[in-house]
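Residue numbers (this note's numbering), protein chains in the order written: chain P, 17 to 532; chain Y, 17 to 532.
By construction, the Cβ of each residue, glycine as well, lies at the ideal position given by its N, Cα and C atoms.
Please read the structure below before turning to the comments.
Have a look at this one:
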């Protein structure tokens, strides 16, 4: 259904690109109605335009809060062109059809980012704009709605091709974009209110995202996928790619996993290596390159083709160390020039500067199609006052610091996590098992394979209690001398007895860290 | 800031509970303005009310499409009571303040569920309602907005307590709910448009959810959590709990994982056991109880305390079998009376009827706080035309059927999945490893431990190619005689040679099934 445009209503907060639209409207003899800043902009570009107030006969009031909220405007947009009764009513009121609506909104998001003034933020909630957009989008059979300046190009083509009109298909597609825009806008407003009032679990919850990049494919080549930014600042992801191929779905999945762990470690240079979304090496060291080397040594086989994240700047020496290995992605808080030159020798290596990356996830959601679970992020390692040594022999202060490191890593390892550490480096990680005993075996096997010399007197962290003593016996016989775990099993006594018998130290934290 | 209400605007599609609201308004001498069906309802309840058209002096038109979209209404809502200029303008126009807005919307969702008539669905997109709600919510400093009949009770208390007024705190909270409601409404409309036009990755994407239940806690006791329904029909989850304690976050996580696998299996009775979000036993058998027993035998240790999902009705005999074990949740397509009686003997056992559960997830999203990834669901097992036997010995037809079963389960196992099956039952699952060799070892160890007699001539499925021959050598020496994998490694020849040397069969599918 081709439909010729006679009258257009324009109200844009962002005036960029307007002139090209005005030219095509003029060429096709389309009348323009507009108000406020848009009216002034159109006039200053020397195009003809009627002001909304002269059109409706009603002066805009309340500092522009009420301009377009008028029956003449909305009947013009909403009336059903195929309905004779509607036609009669329009003629009786002397109302004209409005066939094209071009609107973008008050920049609520930008104000949220740039201002802490609550009144100013609220003043930037657009009321008139979304109403016109929603009315036009509902009536796409008759009206064309444009809500995004990036659509001006296709709009101009469409109108030129259809001699001043548009096709139903185009109008319906633009209508879907329009409701996408109003839903997105109100989701941001709604989330801002909830953030302000600290409501994490409202009755009705929406998540918003703006497409950042279409990915080649998803986890597998037969799945399509895209990455969306979900932040008031929806232009920047905070990941600055300096080299290498496009990032894939699996790259992003690993990158975000690695950054989550990395940003949980403070004060010390730290390196995190991720493979298949699980950490396979994490290390802290005052000397950055040592943290890199030790993280790698934790499981050099798994690190092959992995994603590595560093919370320090990469220098020449570290760059050379990195290049000894095959990795897919290196993330760091900056790279010096010489380091970059060295790393860029590997053309496929994705090099990403994370200096501007910020975490902002107070709640996490897990989606299952028909439903989703939301929970607060697991932000604490443990409460120090809950820490309790349950064995006869007590850990040293140095061991307590190591316990904190090990237990923190444990938080990020999936399903029955056992993490062995020595000198603030993982030396064995057991993950993804339905049984804790299996994770104990995996972790010690890894340590024996790659860090045999370090296993004696190492520390083991377990994300949840040991249901039986078998798991800790496996750890003890491998050489573990300190175990940290939440405690709380009905067989705790059995477990503590085994620890005492082996003369090792055991700490209960009370804090469990399941992560699936 | 306490603010007395003089004039209220009411426009509700759902009239339930209205009478109690009207009583409190009358008691506090609050004038009511209303239109259309709400006006009639108020009059028939014998309360005083002015019609919007008489209030504005403008007759409603276009079958009610334009009623409240009038400056007198919106200036009344939006004007800033602390602004002298605004006051003067209001007085000049003879406009009165509207201090309370009670609105709920056209039932777009219900029409989507109950009708396939696109015009009817679109006609039920409310334009006037959301505009009033958004205007009032923006101006919460001066105006109270009520959008949900479940808030009538608190509203009545608030107005009674404040002698016909309300507090700023209450108004702000109701405003956050109002924007939650408009965001939710437009997200549903937007998703409906995208569904209709088959757009999976729009420029702006929103997800909507209505809180179904607040959970005791999240994955861990120090995390708060809630479950939301994300569906046009947001009243029902499709899980009918017949017995047992409240479901926890981890229960739901395991339940949805189990149902995902269960619903992928057609035609045959099937049982799926989940522990820590990974399957630890899956079995199909023409005789339902055999599928239950075999699923359990796959790893009876891990199945302890697990979640079990069955695509058949539970009878007495199966119920007795279930009760032999400790499990947390049993899901099934119905339970007969005797079976229920037996199962209910275990007071804590959660018994859930899934007869009404439907899958509806075309896209999945994974959330990282500042961003999210969306991808199409991994819906195919493989394309039959891509199947290629790469070894000298070819599989039988029976083996090909088993391959399909094994490869399907593989899709649901996380990170480097190896699944061993015999007679449509898993006998060993290796999961969650950064290296494929480790998964091969885990899967064969499990099989040796629990299904030693079945391991000879079993089938192995791998979610991705084998990078080296070491993994398949582990499988072969355990007794595997058929391997199904996507292929595509640069060392495929090495892998095929090893298979031929061992005289086993190997199938390439071309279709990878990463799942992290």
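Alpha carbon of residue i to alpha carbon of residue j, nearest angstrom
i	j	result
residue 413 (chain Y)	residue 478 (chain Y)	20 Å
residue 538 (chain P)	residue 523 (chain P)	What is shown of chain P runs 17 to 532, which leaves residue 538 (chain P) out entirely.
residue 106 (chain P)	residue 90 (chain P)	11 Å
residue 285 (chain Y)	residue 329 (chain Y)	9 Å
residue 110 (chain Y)	residue 49 (chain Y)	16 Å
residue 88 (chain Y)	residue 78 (chain P)	12 Å
residue 112 (chain Y)	residue 54 (chain Y)	21 Å
residue 451 (chain P)	residue 496 (chain P)	19 Å
residue 421 (chain Y)	residue 20 (chain P)	57 Å
residue 31 (chain Y)	residue 118 (chain Y)	11 Å
residue 147 (chain Y)	residue 179 (chain P)	34 Å
residue 386 (chain P)	residue 490 (chain P)	42 Å
residue 166 (chain P)	residue 163 (chain Y)	35 Å
residue 415 (chain Y)	residue 499 (chain Y)	10 Å
residue 361 (chain Y)	residue 367 (chain Y)	11 Å
residue 350 (chain Y)	residue 127 (chain Y)	30 Å
residue 305 (chain P)	residue 198 (chain P)	49 Å
residue 525 (chain Y)	residue 480 (chain P)	39 Å
residue 542 (chain P)	residue 384 (chain P)	Beyond the ends of chain P as shown, which are 17 and 532, falls residue 542 (chain P); an answer cannot be given.
residue 437 (chain P)	residue 476 (chain P)	6 Å
residue 114 (chain Y)	residue 242 (chain P)	45 Å
residue 483 (chain Y)	residue 426 (chain Y)	17 Å
residue 221 (chain Y)	residue 209 (chain Y)	12 Å
Chain-ordered chain P contacts of residue i [CB-CB under 7 Å]
i	result
residue 190 (chain Y)	Within chain P, no residue comes near residue 190 (chain Y); the closest Cβ sits about 10 Å away, beyond 7 Å.
Distance cut-off 7 Å: residue i Cβ against heavy atoms of the ligand COA
i	result
residue 375 (chain Y)	Absent from the structure shown: the ligand COA. Ligands present: none.
Sheet register partners of residue i (DSSP bridge)
i	result
residue 229 (chain P)	P:243
residue 441 (chain P)	P:299 and P:438
residue 77 (chain Y)	Y:82
residue 181 (chain P)	P:20
residue 66 (chain Y)	Y:49
residue 116 (chain Y)	Y:24 and Y:160
residue 391 (chain P)	P:380 and Y:241
residue 478 (chain P)	P:434
residue 405 (chain P)	P:523
Where residue i sits in the DSSP three-state scheme
i	result
residue 24 (chain P)	strand
residue 369 (chain Y)	strand
residue 505 (chain Y)	coil
residue 348 (chain P)	strand
residue 223 (chain P)	strand
residue 251 (chain Y)	coil
residue 530 (chain Y)	coil
residue 522 (chain Y)	strand
residue 378 (chain Y)	coil
residue 429 (chain P)	coil
residue 104 (chain P)	helix
residue 198 (chain P)	helix
residue 35 (chain Y)	helix
residue 264 (chain P)	coil
Whole-angstrom C-beta distance between residue j and residue i, which should lie under 8 Å
i	j	result
residue 540 (chain P)	residue 276 (chain P)	Lying outside 17 to 532, the shown extent of chain P, residue 540 (chain P) is not represented and no answer is given.
residue 158 (chain Y)	residue 40 (chain Y)	Rounded, the Cβ-Cβ distance is 20 Å, inconsistent with contact.
residue 424 (chain Y)	residue 443 (chain Y)	Not quite, the Cβ-Cβ distance comes to about 16 Å (not below 8 Å), so this is no contact.
residue 151 (chain P)	residue 94 (chain P)	5 Å
residue 204 (chain P)	residue 224 (chain P)	6 Å
residue 355 (chain Y)	residue 369 (chain Y)	That belief does not hold up - the Cβ atoms of residue 355 (chain Y) and residue 369 (chain Y) are roughly 11 Å apart, past 8 Å.
residue 448 (chain Y)	residue 311 (chain P)	The pair is not a contact, with the Cβ atoms about 20 Å apart (cut-off 8 Å).
residue 294 (chain P)	residue 430 (chain P)	6 Å
Contact list for residue i against chain Y, beta-carbon separation under 7 Å
i	result
residue 202 (chain P)	195, 198, 199 and 202
residue 347 (chain P)	Those within 7 Å of residue 347 (chain P) in chain Y number zero; the least Cβ separation is about 14 Å.
residue 449 (chain P)	448
Chain-ordered neighbours of residue i on chain Y, where CB pairs are closer than 8 Å
i	result
residue 239 (chain P)	391, 392, 393 and 394
Cβ of residue i within 8 Å of any chain B Cβ
i	result
residue 256 (chain Y)	Absent here is chain B; the protein component of the structure consists of chains P and Y.
Contact list for residue i against chain Y, beta-carbon separation under 9 Å
i	result
residue 253 (chain P)	386 and 387
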